Amino acid sequence: MDISTKKEGQLAVIELSGGLDAKEAPAVKKALQSLLAEGAMKLVVDMDAVNFIDSSGLAALVSTLLAARKNKADVALCGLTPAVRSVLELTRLHRVFTVYEDATAAIDR
Amino acid sequence: MTLPQRFVVTRAEATIESTHDLAEEAAGHLVAWGLPPRRAADLRLALAEMICNVCRHAYAGEKPGPLRLELIWSEDDITLSVAHQGVLFDPFSVKEPPEPDPEDPSTWPEGGMGLMLIRQLTDFIEYYRSGGWIIFSAIVCEPLRQTVSSSTDGHDDA
Chain E
0 MDISTKKEGQ LAVIELSGGL DAKEAPAVKK ALQSLLAEGA MKLVVDMDAV NFIDSSGLAA
60 LVSTLLAARK NKADVALCGL TPAVRSVLEL TRLHRVFTVY EDATAAIDR
Chain C
0 MTLPQRFVVT RAEATIESTH DLAEEAAGHL VAWGLPPRRA ADLRLALAEM ICNVCRHAYA
60 GEKPGPLRLE LIWSEDDITL SVAHQGVLFD PFSVKEPPEP DPEDPSTWPE GGMGLMLIRQ
120 LTDFIEYYRS GGWIIFSAIV CEPLRQTVSS STDGHDDA
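Quick note, the sequences are listed as chains E and C, same order. According to numbering that gives the first Met the number 0, the residues represented by the first sequence are 0 to 108, in order. According to numbering that gives the first Met the number 0, the residues represented by the second sequence are 0 to 157, in order.
Next up, the structure:
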């Protein structure tokens, strides 16, 4: 999985590409939580190029959301592919995350 | 058309790193046998979760042990089987996480979603011992509807 991050003030955008699975989830969780630890108050997770997610990938996102809440920070997901959206809906987590169509919409929120 | 269609990996190593390749290879066979790609993707996810469960629970705290994978598409159903020789763990004893409440972070699950996904993506799960292996099996009702040319065996099928 490729992970790239952009920061501007308290906004951080992380772009993920590939499969967010049990093998990749620890690195993604570490990257996300590092951004929060560095003071990001708006964290946008761009999943436009994520073609697969499993329960470990979901757990990494939920852990990040919980950590953000403790810091009073926001996490938004955007660019969900049908595969990712389907798994979020199966686990009912689409009700928990704020989801935007794309990164522009998430950043402008 | 030859029934059943069958794909077997007789001996792999149960590691998180091997999960992706095994599940993807299995899904490739399902598509080749005529299963729609979206449905094959669902079963790839179920199989990946089953393999992860074996890695994390059957061989928890140990060196990775042997794993056998079998995929059979008979006339009316698809059976996904993951066999191991590790510790017996009972997937039926695992409680599903609660329905996440957007207003209550204590209900947001950081674990336990793997078995929930397996249950949701398949119709029936079994857990039993056979021939020195402990077998975690999931069955999906899926009639074989397209003509396929031949059965396919895994890369190190016996």
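Even glycine gets a Cβ: it sits at the ideal position worked out from N, Cα and C. Bear in mind the structure is a predicted one, so any value in this text is a computation, not a measurement.
Test item: CB-CB of residue i and residue j under 7 Å
i	j	result
Leu42/E	Val83/E	no
Val49/E	Leu15/E	yes
Gly78/E	Met40/E	no
Leu46/C	Leu79/C	yes
Phe51/E	Gly18/E	yes
Ala11/C	Cys54/C	no
Pro96/C	Pro104/C	no
Leu76/E	Val44/E	yes
Val81/C	Met112/C	no
Arg94/E	Pro101/C	yes
Distance cut-off 6 Å: residue i Cβ against heavy atoms of the ligand FMN
i	result
Ala57/C	As for the ligand FMN, it is missing from this structure, which has no ligand bound.
Cβ-Cβ separation, residue j to residue i (assumed contact under 8 Å), whole Å
i	j	result
Ala57/C	Gly27/C	25 Å between Cβ atoms; not a contact.
Leu35/E	Leu92/E	Rounded, the Cβ-Cβ distance is 19 Å, inconsistent with contact.
Gln32/E	Thr63/E	6 Å
His83/C	Leu66/C	6 Å
Ile77/C	Leu114/C	Between Leu114/C and Ile77/C the Cβ distance is about 19 Å, and since that is not below 8 Å, they are no contact.
Asp1/E	Ser55/E	Their Cβ separation, rounded to whole angstroms, is 18 Å, which puts Asp1/E and Ser55/E out of contact at 8 Å.
Ala25/C	Phe6/C	6 Å
Lys28/E	Ala59/E	4 Å
Asp53/E	Leu87/C	Not really, about 24 Å apart at Cβ, beyond 8 Å.
Contacts that residue i makes with chain E (C-beta to C-beta distance below 9 Å)
i	result
Thr18/C	Asp20, Ala21, Lys22 and Asp53
Gln84/C	What Gln84/C touches in chain E: nothing, since even the nearest Cβ is about 21 Å away.
Chain E within 7 Å of residue i, Cβ atoms only
i	result
His154/C	For His154/C, the predicted model reports a pLDDT of 46, less than 50, meaning its position is unreliable; a value from the coordinates is still stated below. No - not a single Cβ of chain E is within 7 Å of the one on His154/C.
Ile133/C	no
Cys140/C	no
Ile15/C	yes
Ala47/C	yes
Glu61/C	no
Per-residue contacts from residue i into chain C (C-beta, under 9 Å)
i	result
Ala90/E	Looking at the sequence provided, one finds Thr at residue 90/E rather than Ala. Per Cβ cutoff of 9 Å: Pro96, Pro99, Pro108, Met112, Met115, Leu116 and Gln119.
Arg94/E	Glu98, Pro99, Asp100 and Pro101
CB contact check: residue i to chain C, cutoff 7 Å
i	result
Gly17/E	no
Leu57/E	yes
Ser62/E	yes
Neighbour list for residue i in chain E, Cβ cutoff strictly below 7 Å
i	result
Val104/C	The sequence given here places Pro at residue 104/C; Val does not occur at that position. Chain E residues near Pro104/C: Leu65 and Arg68.
Under 8 Å by beta carbon: chain E residues contacting residue i
i	result
Glu12/C	Near Glu12/C there are no residues of chain E at all, since even the closest Cβ is about 14 Å away, more than 8 Å.
Chain-ordered neighbours of residue i on chain C, where CB pairs are closer than 7 Å
i	result
Ala26/E	Within 7 Å Cβ-Cβ: nothing; Ala26/E doesn't reach chain C, min ~12 Å.
Ala82/E	Ala40
Interface partners of residue i on chain C, CB under 8 Å
i	result
Val86/E	Leu44 and Leu116
Inter-stretch contact (C-beta, 8 Å, three-pair minimum) for the stretch 25 to 33 of chain C and the stretch 60 to 79 of chain C: Counting C-beta pairs with one atom in each stretch, the stretch 25 to 33 of chain C and the stretch 60 to 79 of chain C have three or more that are closer than 8 Å, which means they touch.
Cβ contact (3+ pairs, closer than 8 Å) linking the stretch 24 to 38 of chain E and the stretch 59 to 69 of chain C: In short, these stretches do not touch, since the Cβ pair count stays below three.
contact_flag[the stretch 135 to 142 of chain C, the stretch 14 to 24 of chain C] where n(CB pairs < 8 Å) is 3 or more: Taking 8 Å as the limit for Cβ pairs, the verdict is that the stretch 14 to 24 of chain C does not touch the stretch 135 to 142 of chain C.
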